[in-house]
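Colleague: Structure below; questions to follow.
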């Protein structure tokens, strides 16, 4: 919608204070996105407005807030740092170098020692087998990196975070759900879930009063594990999220062995 | 806008720190957290009036600082940018909680008007910092109606229409009070700012 500059000026204080009606706010944002002078005016009014924050009496937050923040920052950096990929690439380079040298050497031997040709060919086949194995591993790692990248994008774009608390046999466990209202995808990051005995698996559920919806199953191999969630309906259409221990094939109704629970 | 108070000579400036954060420097976000978390937590407590929600807020606000550092406009000061993020989060959370039927936002023990724009709220608070002293002094110089309109919006999360309905004033009157209040506040603060160095 077209909006004149004088109209923006009229709405600037309400916008900076967050006191406009939703429709007015959207119109201001659309206007300033294309109008640098009005954007500067709004910025200036906002700078004054947010000095009001100093009116609130400062209170030191508990240390756990900083710990949780820095843990989250470190985890995000970990997800973004291609450590495993680098190691794989390095391993590939090393094996490629080994293979190249071995190939050259085998060629020299074959020229000088024809009788050893069959042995060299065998060595070549072995190295080619190793290379094929590494290529398969690289494909697996690439898929894992792609999945982590997808999970990271969901986490970074998340507009809401919901906490889950440990219960039962996993009282020390915790988790957070990163979600965006209206979207059918979310990421659950669990901490300190104990290893399960053979034949058992963790299963995620979302629920509301009339429905318990089974989602993905997982078995953590690390103390911190991101789990992708893709419920059939948007996450915010459910009231609760929980993790239970089920038989390895999964279940359609949750067992009573709940290990994580939280409100959505 | 200029800064109200200069950091100690040996302190790294906020704007340098946020540039470091944009480059992925975890130590820089830690320094900014140490410098501003009390102010953000205080703002969240005053706005949300719920300690647990305020703890979530302070974590989320600095998480957004970490994520959005690259979009920081170097022509602006850090503190208003940070408080803008904090205020937006708190107002959104306040409105979300108010929309949930099980969330009790306003009752006899938690009236929305309490602590806002009465004659003693600003003057009797312990003034712990130069920033607070200057801003509170400036706020005190506003007519009480203007101060009330600003605080109901900023800390109460009310829209102009809601404030008009609550106070029984025409919408235009509320808009005018906000505009004049902020213009006067800006004038007073600019007169007292220490010009920003470098």
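Chains as they are written, first to last, in the working numbering: chain A, 82 to 345; chain B, 106 to 303.
Every residue gets a Cβ at the ideal spot worked out from N, C-alpha and C, and that includes glycine.
Keep in mind the model is a prediction, meaning the values are calculated, not measured.
List in chain order: all unbroken alpha helix (DSSP H) runs of 4+ residues lying wholly within the region 112 to 151 of chain B.
Modeller: 119 to 127
Colleague: Which class does residue 348 (chain A) belong to by DSSP, given the choice of helix, strand or coil?
Modeller: Not covered by the structure: residue 348 (chain A). The range shown for chain A is 82 to 345.
Colleague: Just verifying my parser: in three-state terms, what is the DSSP assignment at residue 33 (chain A)?
Modeller: Residue 33 (chain A) is absent from the structure shown; chain A starts at 82 and stops at 345.
Colleague: Using beta carbons (cut-off 8 Å, strictly below), is residue 150 (chain A) in contact with chain B?
Modeller: yes
Colleague: Contact criterion: CB-CB distance below 8 Å. Does residue 242 (chain B) meet it with respect to chain A?
Modeller: Answer no: the Cβ-Cβ gap between residue 242 (chain B) and chain A never drops below 8 Å.
Colleague: Where residue 120 (chain B) and residue 255 (chain A) are concerned, what is the direct C-alpha to C-alpha distance, given to the nearest angstrom?
Modeller: Each residue's alpha carbon lies about 36 Å from the other.
Colleague: Does any C-beta atom of chain A lie closer than 8 Å to the C-beta of residue 245 (chain B)?
Modeller: no
Colleague: Quick check: residue 150 (chain A) and residue 188 (chain B), are their CB atoms within less than 8 Å of each other?
Modeller: Contact: no.
Colleague: Identify whether residue 350 (chain A) lies in helix, strand or coil by the three-state DSSP scheme.
Modeller: This structure cannot speak to residue 350 (chain A), because chain A is shown only from 82 to 345.
Colleague: Only counting the same chain, and skipping five residues up and downstream in sequence, which positions put a Cβ closer than 6 Å to that of residue 294 (chain B)?
Modeller: If we look at residue 294 (chain B) and ignore the five residues flanking it on each side, its Cβ neighbours are 243.
Colleague: May I have the straight-line CA-CA distance separating residue 382 (chain A) from residue 342 (chain A), to the nearest angstrom?
Modeller: There is simply no residue 382 (chain A) to check, as chain A begins at 82 and stops at 345 in what is shown.
Colleague: What distance in whole Å lies between the Cβ atoms of residue 99 (chain A) and residue 162 (chain B), which are believed to be in contact at a cut-off of 8 Å?
Modeller: Residue 162 (chain B) to residue 99 (chain A), Cβ: 15 Å. No contact.
Colleague: Any contact of the region 291 to 310 of chain A with the region 256 to 271 of chain A, i.e. 3+ C-beta pairs under 8 Å?
Modeller: yes
Colleague: In whole angstroms, what separates the C-alpha of residue 249 (chain A) from that of residue 339 (chain A)?
Modeller: The straight-line gap from Cα to Cα measures roughly 7 Å.
Colleague: Whole angstroms are fine: how far does the CA of residue 334 (chain A) sit from the CA of residue 150 (chain B)?
Modeller: 41 Å
Colleague: Short of 7 Å in beta carbon distance, which residues of its chain neighbour residue 267 (chain A), apart from the five on each side in sequence? Order them along the chain.
Modeller: Only 235, 258, 259, 260, 310 and 316 meet the Cβ criterion.
Colleague: By DSSP, does residue 319 (chain A) sit in helix, in strand, or in coil?
Modeller: coil
Colleague: For residue 94 (chain A), which residues of its own chain have a beta-carbon under 7 Å away from its beta-carbon, when the five flanking residues on both sides are left out?
Modeller: 126, listed in sequence order.
Colleague: From residue 91 (chain A) to residue 249 (chain B), what does the alpha carbon distance come to, in whole angstroms?
Modeller: 22 Å
Colleague: Where does residue 247 (chain A) sit, in a helix, a strand or coil, going by DSSP?
Modeller: strand
Colleague: Indicate whether at least one CB of chain A lies closer than 8 Å to the CB of residue 147 (chain B).
Modeller: yes
Colleague: The region 118 to 146 of chain A: which residues have C-beta closer than 8 Å to a C-beta of chain B, in chain order?
Modeller: 124, 125, 126, 127, 128, 129, 130, 131, 132, 133, 134, 135, 136, 137, 138, 139, 140, 141, 142, 143, 145 and 146
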